[in-house]
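Heads up: the structure comes next, in structure tokens.
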Amino acid sequence: MASAFPARWSVEADDDAVLGRDRDLAVADRAARGIATQISPQLTTVRVHGAEIGAAALGLLLDRVEGRLQPGSPARRVQIVETLVERGSTARAPRRK
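Per this note's numbering, the very first residue in the sequence shown carries number 1; after that it's consecutive.
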């Protein structure tokens with residue numbers, strides 16, 4: 001979801017009806033920790049490491065500006081691993097019979 005608010009509404013609307021360890025709905029988002037922990041059940045989120053993304057982007061820009069990367073050179077891939085923060089809005093899928 002693009003914002004924590006739709007995820008929050010989903011979690012809150014379905015809390016009594018379907019959410020739980022053995023239920024059918026799981027909700028996750030890229031929400032700030034504050035809102036994710038203020039609802040019930042708490043929202044599972046993906047922590048995006050913004051400082052690392054910014055540092056990598058700046059490094060690539062400086063490489064280009066300072067001549068270490070020439071125009072037309074192959075693109076460089078930078079991988080920054082996000083962190084899954086599991087909370088109450090998701091659970092292990094039930095085993096199929």
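Glycine included, each C-beta is placed from N, C-alpha and C at the ideal position.
- Going by alpha carbons, who is nearest to Ala56 out of Val65, Ala26, Val78, Glu86? Within the sequence shown, residue 56 is the residue found at index 56, counting from 1. Per the Cα distances, Val78.
- Query: When the distance is taken between beta carbons, is Ala28 closer than 8 Å to Val46?
  - Reply: Walking along the sequence shown from the start, residue 46 turns up at place 46. Walking along the sequence shown from the start, residue 28 turns up at place 28. Going by C-beta atoms, Val46 is nearer than 8 Å to Ala28.
- Message: Looking at the secondary structure, which residues open and close the alpha helix (DSSP H) in which Val65 lies?
- Response: As a first step, residue 65 is located in the sequence shown; it is residue number 65 there, counting from the start. Val65 -> alpha helix (DSSP H) spans 50-65.
- Using the rule of at least 16 other Cβ atoms within 10 Å of the residue's Cβ for burial, across every protein chain shown, is Ala36 buried or exposed? In the sequence shown, counting from the first residue as 1, residue 36 sits at position 36. So Ala36 ends up on the buried side.
- Message: Once the 5 residues before and after Thr83 are set aside, which same chain residues still bring their CB inside 6 Å of it?
- Response: Position 83 of the sequence shown, counting from 1, holds the residue named residue 83. Taken in chain order, the residues that qualify are Arg47.
- Item | Coil, strand or helix - Ala28 by DSSP | In the sequence shown, counting from the first residue as 1, residue 28 sits at position 28. Three-state DSSP puts Ala28 in a strand.
- Item | Other residues of its chain near Thr90: CB distance less than 8 Å, five sequence neighbours each side excluded | Position 90 of the sequence shown, counted from the first residue, corresponds to residue 90. So the qualifying residues of the chain are Ala26, Val27, Ala28, Thr44.
- Closest residue to Gln38 among Gln70, Gly88, Arg95 (Cα-Cα distance): Counting from 1 along the sequence shown, the entry for residue 38 is found at position 38. The shortest Cα separation from Gln38 among Gln70, Gly88, Arg95 belongs to Gly88.
- Task: Could you tell me the distance, in whole angstroms, from the CA atom of Leu60 to the CA atom of Arg95?
- Result: Position 60 of the sequence shown, counting from 1, holds the residue named residue 60. Position 95 of the sequence shown, counting from 1, holds the residue named residue 95. Taking the straight line joining both Cα atoms gives about 45 Å.
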